[in-house]
Ligand SMILES: [Zn+2]
């Protein structure tokens, strides 16, 4: 009888590892298989037991501590009798486990014999979920973190405040939950209250879950614009003092935080202090995008602030505000990140040098910021990074107005050709974003995220062309189905 050709391990992986040597034979994972680990990897071995459905004890699968690997680097040696996963750091060992898990999911627990040596191209491999426009449950967020980590992504950017809802508690500001977290919506003819709020214990649970998967969590508090929900609860923080409403439609709203009111900075001090305690990773995102200045032009307090600080116009007032807010983040021991609008109006004033700029309006913001000496994260909406856009230009497809095909994402690079060596040195990595104005349920979020997020993960780890991605399409869809992910299955280009 003709033997089935052995399938190769490279068919089952996204991102593709940097180096694979395929060998004859295979190792089968089943519930009689045992796992051992060096003491440093003990928690990981416990996670491996759960993810691979094995037992602890023997050395069928061995997590070995080895010298000389960089933090995210690992090697994986699969023979017929044993799997040895080597790393110097827990991040690397975790990535090795996820590579093994990908093959197990895609190939019914049969791991072809191989030797893999692997490490990422970029250190910042992120994804963002907007939980203000629509609220997503902690259990869905954890599901998403797990699937993202399976693809070696390592940064979850959590958009927690916007015009349509405020989603985390700040001590002394109870109306953030009772007013700012809810908006009025109409279902048929009946008005109802839509919203949601992450309690401290929800946030702690999500952060711990992410950390076990070697993923940092970056909270975002929008400042000084996109603030309608906050102002509805605390109208004294706006220029006109209200009344304001939590918005129930989409866009850019002229009601923003008053830049002349010291109470705004004292509120932000408390809010950023809360985030700094709840989120133990090094970064806090301060937004900074899409802030109209119309109310500032009319507001005596804002005009006085400009006069007192010799600011020439409202653009400079915004740069002044961003600087104050970035300093608050630093005061609480974290590093600030802002959308590329933070550069606007900063020409004369400058910005704190350790402010990281996230380039979303194309690549220009990133280029400019890097020339000014800021580290940058590339997430341009023009280059396949906006996953709220439709998969295809078709009336049948859900999503926002733009189109981002899988191929568009497969062409993304954080270092485009017009970027010189000096700027490239400032690139931390890249990120895909899911804004959720049109994403009501988690199943829709999954459909828009996958497979583009899997492709994005590969672009940031070990980029491959679209043909290679198409070749691995069926194994990717199988893995995602195993994890109950609702994946887009249409054309890639
Ligand atoms: Zn004002």
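In my numbering, the protein residues as written are 229 to 721.
Here a beta-carbon is modelled for each residue, glycine too, at the ideal position from N, C-alpha and C.
Which class does residue 352 belong to by DSSP, given the choice of helix, strand or coil? Residue 352 falls in the strand class under three-state DSSP.
Hey, is residue 627 close to ligand 1, as in C-beta under 7 Å from one of its heavy atoms?
Checking the Cβ of residue 627 against ligand 1 gives no.
query = Is DSSP giving residue 418 helix, strand or coil here?
reply = Here residue 418 sits in strand by DSSP.
Buried versus exposed, by CB contacts within 10 Å (16 or more), residue 420
Exposure of residue 420 is indicated by the presence of fewer than 16 other C-beta atoms within 10 angstroms of its C-beta.
* Report the residue ranges of all alpha helix (DSSP H) runs contained in full by the segment 261-345; include only those spanning at least 4 residues, in chain order. => Those alpha helix (DSSP H) runs which fall completely within the segment 261-345 and span 4+ residues are 270-280, 318-334.
Q) With distances taken from CA atoms, which of 304, 306, 235, 315 is nearest residue 267? A) Nearest of 304, 306, 235, 315 to residue 267, Cα basis: 315.
| query | For ligand 1, is there a heavy atom less than 7 Å away from the beta-carbon of residue 547? | reply | Answer for residue 547: no, Cβ out of range of ligand 1.
request  = Sort out for me which residues DSSP pairs residue 584 with in a bridge.
outcome  = Beta-bridge annotation (DSSP): residue 584 is paired with 565.
Check: What is the rounded straight-line gap between the Cα of residue 303 and the Cα of residue 238?
Finding: Their Cα atoms are separated by approximately 15 Å.
#### Entry: C-beta atoms of residue 483 and residue 465 nearer than 8 Å
Contact flag unset, no.
**Request:** When you get a sec, list the residues whose CB is within less than 7 Å of any heavy atom of ligand 1, chain order please.
**Result:** Output, sorted by chain position: 467, 486, 487, 488, 489, 523, 524, 527, 529, 530.
Open item on the list: When you compare the segment 621-631 with the segment 572-582, are there three or more beta-carbon pairs, one atom per stretch, that lie closer than 8 Å?
Closed with: At 8 Å Cβ cutoff, the stretches do not touch.
Requested in this report: List the residues that DSSP assigns as beta-bridge partners of residue 647.
Outcome: Its beta-bridge partners do not exist; DSSP assigns none.
Touch test, the segment 316-326 against the segment 357-374, Cβ-Cβ under 8 Å, three pairs minimum: Result no; under three Cβ-Cβ pairs closer than 8 Å.
Problem - Continuous beta strand (DSSP E) stretch holding residue 662: start and end - result: Secondary structure note for residue 662: its beta strand (DSSP E) is the uninterrupted segment 655-662.
- Message: By DSSP's criteria, residue 358 is part of a beta bridge. Which residues make up the other side?
- Response: The partner list for residue 358 (beta bridge, DSSP) reads 387.
Report yes if the CB atom of residue 388 is closer than 8 Å to the CB atom of residue 480, and no otherwise.
No; because the gap between Cβ atoms is not below 8 Å, this pair is not in contact.
Among 697, 645, 603, which has the Cα closest to the Cα of residue 657?
Of the candidates 697, 645, 603, the one whose C-alpha sits nearest the C-alpha of residue 657 is 603.
Review point. Three or more C-beta pairs closer than 8 Å, one from the segment 522-533 and one from the segment 594-608: is that the case here?
Key: Cβ pair count under 8 Å is below three, so no.
Counting beta carbon pairs with one atom in the segment 607-614 and one in the segment 652-671, are three or more of them shorter than 8 Å? Contact annotation: the segment 652-671 touches the segment 607-614, with at least three C-beta pairs closer than 8 Å.
So the candidates are 684, 708, 402, 716; which of them puts its Cα closest to the Cα of residue 244?
Residue 684 is the option with its Cα nearest to residue 244.
Item to check | Cα-Cα separation between residue 240 and residue 279, rounded to whole angstroms | outcome: CA-to-CA, the gap between residue 240 and residue 279 works out to about 17 Å.
By the three-class DSSP mapping on this structure, what secondary structure does residue 625 have? It is coil, neither helix nor strand.
Quiz item: Going by Cα to Cα distance, which pick from 522, 582, 521 is closest to residue 551?
Solution: If we check each option's Cα against that of residue 551, 582 comes out closest.
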